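K.L.:
Structure in structure tokens, see below.
Residue numbers (the working numbering), protein chains in the order written: chain A, 46 to 501; chain B, 46 to 501.
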């Protein structure tokens, strides 16, 4: 009888608690959709500040703006965390054309990859060798590659449902293509943009020369998908087609920048930290609305939504706006280093860096026990059409915080449109939908609430 | 032992069958994403033909074009089904302004609602009474309303997650507002556009006068959400603000049009019909890409995808492109009438009329036994992130086919952006994403395949 009674009491408590969790989520979602701040913050970040390349004036303006906005929220602490970041500048707009063996030319759309060196002054013209990837190039060997421009033309696979997976299948040619081609004596590298759509916009992104001697470093650029198709066709028709490109980008000395951090200090376990963040820097071609303005403003709104909903966290909840995710990850490394020095116990880190589209759920880096806990929360998210709770990659900025005992997660929005915009001039505020952005912020705030309340 | 053996055999067969179903879905999705036709069909329908108001020349061009494309697919039968449809024409572009009591004016963006009469020649100017809905207007009574323009300003509720529900909560003022206001002696009706966003585009849509005598019929128009806010603010500041509008729309005699139908005849049960469809007509302000060009081309591609995947249906599968969903439903009524006359047994009807966005699942009108069957198919759809299988409303065009013994369903795409475009000049091809459209077509084809194979 006693056991039945305590079971009964347990069930009543569990039910009341589930009830109040459901109500709390409803409050959070309603707040976000009727009174959210994320969209107006993004409007300012995108339209008044714009692209925020690490070390640029606009990156510094974004630091100042977001700090000021966090200051206005009445958090317990807001501060800047200094970090040295690389400063790469694009220079003049790049210029490129194809030249047939008869001498006729046709311009194409390119952009320098982030971290690339410039072409020789006045540009570079050479014969082109098209390959589908680094292995194919290596198999062709030095003789075939030397003195040429290597054209990496492997396309993202459209039949892969989750587009980030298709991206992962092609990103090596952009990141390491120039390094590997340089070793074989190539003079330049052109990479098909990582875009599932056929259009005229080149997509930039980071690349590396590794430890390659300066003499072997060659310039590399991305070409739009339409122009990749054009170049490939031209090479089929006329294998002596030459490629010309001119770019004046260069790497300057590192400069000081900042992570922006805000905190609501926990009432019961102030040294247990839950962080939520995105990255403040972006590429320079668009205004960085999806990558990662969206993650920045959603993360800021998580703390505001919890405050507005009247919730008093037991643990310390921080928003961290990381600097330099795109071409260095210096902000994330600095944040993790300082956290370690101070002995801060980061139990959970949540990143939003997959665009501001309709949220579908989260990927978690965690143990099975935590996944069982998540399973129990699924029904709370069902009214909001959040259904994806899987083990998977969380994100670059929270990765340095991961230990064997904590949990990290990444928000997973619908990914179908993301690579239409990623790192291109089309990453613009007008392509972010207010409701989709707000639903993402509410979904993040809901998960943070549950983890603060029940722990990991 | 015998029972165990037969259970074992059953389990093996079930497993093999699940395996092959998973493979079949993979084939369908891959076909759609790598070799789909839906997007190029939509390109033509939207950019070469454009808005397709019932009875218009472009509606007839859409009939001819889709028939021709279906003819080219090698189906067993393709035909046109004649149907008389209403013909309403917008006339000149509408014009409207607010006039303060001091006489200063400010133009606003409006469009006539479909089916509305014109204003008197030269336009109509009157004092305005703002209400949140029909009941509030009725409560104010004849004295308050008579001689005025009634301004229905109830906004869609942003906190409702499924936007069609928010739409349903406001559509009555657009559909019946003028009829009810006419009874109380109002001279015109202005309705806040059914749009969750604040922007400058008025959204049209159908309205009715019911059996109201012609003398009581008054013109009605939609106003953009930004201008609804402006009008409301002006009325607060200056309750003598007047509204002027001029529109020259009119209802002409009915004209003949057509449903477009294509069929793969079933190999085992040719008189059991499975249909999949969308509506070929659209409003005239945009090009009707989301409403319902998307549903049209997805439905066409369902039959092509099944053919290309090498599947031979047991039952007869039809694509039906319905004419006149927007302002009459005549095509759907005609199709159901002819089906009944011929004694065709329609076991399952699937409609796509909620935009060409990322598919999330289906709503079903069915019994519990069918929902149990659907439950068993859920895992097949999981790799494609399709998770929503609920009882709910299927769609207007398949509604006349519903009986106690059959099943109807509606594709449910992500709904967050839909009302940014619905019935407005912003319903344009550029707002449809190729992959999202193709995922929808594959999701529909997969369900049709399973239902053909296993029945309802």
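Where a beta carbon is used, it is the ideal one built from N, C-alpha and C, also for glycine.
Because the structure is a prediction, the values reported are computed rather than measured.
Evaluate contact between the region 76 to 85 of chain B and the region 472 to 487 of chain B, counting only Cβ atoms and requiring at least three cross-stretch pairs below 8 Å.
P.N.:
yes
K.L.:
Can you pull the chain B residues whose beta carbon is under 8 Å from the beta carbon of residue 461 of chain A, in chain order?
P.N.:
By Cβ distance, chain B contributes 403, 478, 480, 481, 484.
K.L.:
List the DSSP bridge partners of residue 452 of chain A.
P.N.:
A/393
K.L.:
Among the residues of its own chain, which have a CB less than 6 Å from the CB of residue 162 of chain A, if the five just before and after it don't count?
P.N.:
The beta carbon of residue 162 of chain A is closer than 6 Å to those of 262, 264 in its chain, skipping five residues each way along the sequence.
K.L.:
Is residue 389 of chain A close to chain B, meaning its C-beta is less than 8 Å from at least one C-beta of that chain?
P.N.:
no
K.L.:
Contact criterion: CB-CB distance below 8 Å. Does residue 350 of chain B meet it with respect to chain A?
P.N.:
no
K.L.:
With a cut-off of 8 Å on the beta carbons, I'd call residue 103 of chain A and residue 131 of chain A a contact; round off their distance for me.
P.N.:
Contact doesn't hold; Cβ gap of about 16 Å is too wide.
K.L.:
Among all the DSSP beta bridges, which residues are the ones paired with residue 321 of chain A?
P.N.:
DSSP, once it has assigned bridges, lists A/364, A/395 as partnering residue 321 of chain A.
K.L.:
Thinking just about the alpha-carbon of each residue, which of B/486, B/475, B/351 is nearest to the one in residue 407 of chain B?
P.N.:
B/486
K.L.:
Give the DSSP-derived three-state secondary structure of residue 213 of chain A in the structure shown.
P.N.:
Looking at residue 213 of chain A - three-state DSSP - the assignment turns out to be helix.
K.L.:
When you compare the CB of residue 237 of chain B with every CB in chain A, is at least one pair closer than 8 Å?
P.N.:
no
K.L.:
Does residue 445 of chain B come out as helix, strand or coil in the three-state DSSP assignment?
P.N.:
helix
K.L.:
So, residue 279 of chain A versus residue 78 of chain A, is the Cβ gap smaller than 8 Å?
P.N.:
no
K.L.:
Any Cβ of chain A within less than 8 Å of the Cβ of residue 242 of chain B?
P.N.:
yes
K.L.:
Decide if residue 175 of chain B is buried, meaning its Cβ has at least 16 other Cβ atoms within 10 Å, or exposed.
P.N.:
buried
K.L.:
Quick check: the Cα distance between residue 399 of chain A and residue 137 of chain B, rounded to an integer number of angstroms?
P.N.:
If you draw a straight line from the Cα of residue 399 of chain A to the Cα of residue 137 of chain B, it comes to about 45 Å.
K.L.:
Can you give the Cα-Cα distance for residue 251 of chain B and residue 187 of chain B, rounded to whole angstroms?
P.N.:
25 Å
K.L.:
What first and last residue would you give for the beta strand (DSSP E) that runs through residue 126 of chain A?
P.N.:
122 to 134
K.L.:
Given a cut-off of 8 Å, decide if residue 367 of chain B and residue 442 of chain B are closer than it, judged by their beta-carbon atoms.
P.N.:
Cβ atoms of residue 442 of chain B and residue 367 of chain B: closer than 8 Å.
K.L.:
Please list the segments of the beta strand (DSSP E) lying wholly inside the region 272 to 345 of chain B, counting only runs of 3 or more residues, in order along the chain.
P.N.:
With a minimum length of 3 residues, the continuous beta strand (DSSP E) runs that stay inside the region 272 to 345 of chain B are 287 to 291, 295 to 309, 314 to 324.
K.L.:
May I ask you to report which of helix, strand or coil DSSP gives residue 533 of chain B?
P.N.:
Since the displayed chain B opens at 46 and closes at 501, residue 533 of chain B lies outside it and no answer follows.
K.L.:
Check the Cβ of residue 79 of chain B against every Cβ in chain A and list those closer than 7 Å, keeping chain order.
P.N.:
Going along chain A in sequence order, the residues near residue 79 of chain B (Cβ under 7 Å) are 203, 204.
K.L.:
Ordered along the chain, which non-local residues of its own chain (more than five positions away) have a Cβ less than 6 Å from that of residue 61 of chain B?
P.N.:
Low local confidence applies: a pLDDT of 49 at residue 61 of chain B is under 50, so the model's placement there is unreliable, and no value is given.
K.L.:
Answer yes or no: does any C-beta atom of chain A fall closer than 8 Å to that of residue 258 of chain B?
P.N.:
no
K.L.:
Kindly indicate the opening and closing residues of the alpha helix (DSSP H) around residue 421 of chain A.
P.N.:
Element bounds for residue 421 of chain A: 413 to 426.
K.L.:
Between the Cα of residue 124 of chain A and those of A/448, A/110, A/135, spot the shortest distance and give me the residue it belongs to.
P.N.:
A/110
K.L.:
How about residue 438 of chain B and residue 421 of chain B: are their beta carbons less than 8 Å apart?
P.N.:
At the C-beta level, residue 438 of chain B and residue 421 of chain B stay beyond 8 Å of one another.
K.L.:
Given this structure, state the Cα-to-Cα distance separating residue 423 of chain A from residue 70 of chain A, to the nearest angstrom.
P.N.:
12 Å
K.L.:
Given this structure, state the Cα-to-Cα distance separating residue 56 of chain B from residue 435 of chain A, to the nearest angstrom.
P.N.:
Reliability of the predicted coordinates at residue 56 of chain B is poor, the pLDDT of 48 falling under 50, and the value obtained from them is presented with this limitation in mind. Rounded to whole angstroms, residue 56 of chain B to residue 435 of chain A spans 28 Å at the Cα level.
K.L.:
Mind pulling the chain A residues with CB within less than 9 Å of residue 75 of chain B?
P.N.:
Chain A residues near residue 75 of chain B: 203, 204.
K.L.:
If the criterion is Cβ atoms closer than 8 Å, does the pair residue 225 of chain A and residue 193 of chain A meet it?
P.N.:
no
K.L.:
Let me know the secondary structure DSSP gives residue 189 of chain B once reduced to three states.
P.N.:
helix
K.L.:
With a CB to CB cut of under 6 Å and the five nearest residues on each side skipped, what residues in its chain are close to residue 300 of chain B?
P.N.:
Result list for residue 300 of chain B: 100, 132, in chain order.
K.L.:
Should residue 561 of chain A go down as buried or exposed, given a rule of 16 or more other Cβ atoms within 10 Å for buried?
P.N.:
No answer is possible for residue 561 of chain A: the residues shown for chain A start at 46 and end at 501.
K.L.:
Can you list, in chain order, the residues of its chain whose CB lies under 7 Å from that of residue 391 of chain B, leaving out five sequence neighbours each side?
P.N.:
Within the same chain, residue 391 of chain B has close Cβ partners 318, 320, 384, 446, 451.
K.L.:
Using the three-state DSSP reduction, which class does residue 438 of chain B fall into: helix, strand or coil?
P.N.:
coil
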